[in-house]
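Student: Got a structure for you, questions after.
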Amino acid sequence: MGKDYYIFSNGGIKRKDNTIYFEDEDQIKKGLPIENVERIHLFGEIDLNTKFFNYISQYSVLVNFYNYYGFYSGTYYPRKKNVSGMLVVKQASFYSDLDNRLVLAKSFIDSAIHHILRNLRRHERVPVELIERIKLERENVKSAKDVQTLMGAEGRARKNYYDCFKYILKNDFGFTNRNRRPPKDPLNALISFGNSIIYTAILGELYQTQLDPTISFLHEPSTKRFSLILDISEIFKPLIIDSIIFSSINNKVIGDKDFSINEGVCFLNEDGKKKFLIEFEKKMATTIKHRKLNRNISYRGLIKLECYKLIKHLIEDEKYKPLKAWW
């Protein structure tokens, strides 16, 4: 399995012989062994050329781009080698059938709320009333007759979840509401950055499968976005990103000095991004004993497993049961 490489400096990436290397503005070079590279994340201003893209395409390396604030801009996505027209047709037919679509959409949200409640149960200061409200919305999710009603219940559950953050977080972190475009305070900036990172992680795993990332079930498929990533991310945002946020703030891994504000936009500075990514990579490499597979599997492996479970459901081999952490 290849590694993720995060580049923050300005410079350029080029191919040389059978490898690629990054050269910063001081002309200091660092080799990136192509056989060990799975994804490259670019946060700085980087010069790239077609020779580089042609070469990494042979190795199916994805390149993720982030803007000045560290928020996801897009991905260079090499032509997929693992494709299946039959699966794409199946995927589209499940989207087109309201009942089939609703089953999958409910699964994603039920898993999300399961992990939200799991997070809250670990913090005794969270009022029982807020937890009960979220449980009520979980029942509304199960009884929803259409995706719009389902999304409404999910939105209310998440609002109650965010209302719990002030009881979980220490060191004067908190917010009054979730704001995204742009984030206006450190906690919103942290959530937005974490979501960007989990989106690219899911895209990387989806790319290795025959799934079409543009055909989704909970979120409406649209132009210019990989909406299936948004579906799957509902499962993993509370399980991975939120748990990293809670521990990073409460253990003082990340603090006020790790944020900057520019033209009303709050964002993680370079030190803050690096600290978060260290915690993210630790989390993704953490393994648990899978009770069905009877072997250890990493958090990154759980994302890949979720993709393959979805494929089995679409080809009607095995009913999809979303991940619900038991550990």
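Under this note's numbering, the letters of the sequence shown match residues 24 to 350, in that order. C-beta atoms are modelled at their ideal positions from N, C-alpha and C, and glycine is treated no differently.
1) Just the Cα atoms here: how many angstroms apart are ILE36 and PHE249?
2) Does the distance from the C-beta atom of LEU262 to that of ALA348 stay below 8 Å?
3) Would you report the Cα separation of THR73 and SER283, rounded to the nearest angstrom?
4) From ILE191 to THR98, what does the alpha carbon distance come to, in whole angstroms?
5) What is the residue span of the beta strand (DSSP E) that TYR230 lies within?
6) When you compare the region 250-260 with the region 125-138, are there three or more beta-carbon pairs, one atom per stretch, that lie closer than 8 Å?
7) Return the residue from the list HIS313, VAL164, THR309 that minimises the CA-CA distance to ARG323.
8) Quick one: Cα of ASN211 to Cα of ARG62, how far?
9) Taking just the CA atoms, how far does ASN194 sit from LEU251?
10) Closest to VAL170 by CA distance: which of ALA224, LYS344, ILE272, PRO244 is it?
11) If we ignore side chains and look at the alpha-carbon of each, how far apart do SER256 and ASN41 end up?
12) Within 10 angstroms of the Cβ of TYR28, are there 16 or more other Cβ atoms? Answer buried if so, exposed if not.
13) For the alpha helix (DSSP H) holding LYS335, just list the boundary residues, first then last.
14) Could you give the distance in angstroms between the alpha-carbon of ILE43 and the alpha-carbon of ARG124?
15) Using a 10 Å radius around the Cβ and a threshold of 16 neighbouring Cβ atoms, would you call MET307 buried or exposed?
16) Which residue wins for smallest C-alpha separation from PHE299, given the options GLU339, LEU234, ASN218?
17) Quick check on this structure: which residue in GLY295, ALA128, ASP265 has the alpha carbon closest to the alpha carbon of ILE277?
18) Could you tell me if LYS129 is buried or exposed, where buried requires 16 or more neighbouring beta carbons within 10 angstroms of its beta carbon?
Tutor: This is what the structure holds:
1) 26 Å
2) yes
3) Rounded to the nearest whole angstrom, the C-alpha separation of THR73 and SER283 is 34 Å.
4) 34 Å
5) No beta strand (DSSP E) holds TYR230; the alpha helix (DSSP H) holding it covers 209-230.
6) yes
7) If we check each option's Cα against that of ARG323, THR309 comes out closest.
8) 26 Å
9) 36 Å
10) PRO244
11) 35 Å
12) Label assigned to TYR28: buried.
13) 322-337
14) Between ILE43 and ARG124, the C-alpha separation is close to 43 Å.
15) buried
16) Taking the Cα of PHE299 as reference, the smallest distance to any Cα among GLU339, LEU234, ASN218 is reached at ASN218.
17) GLY295
18) buried
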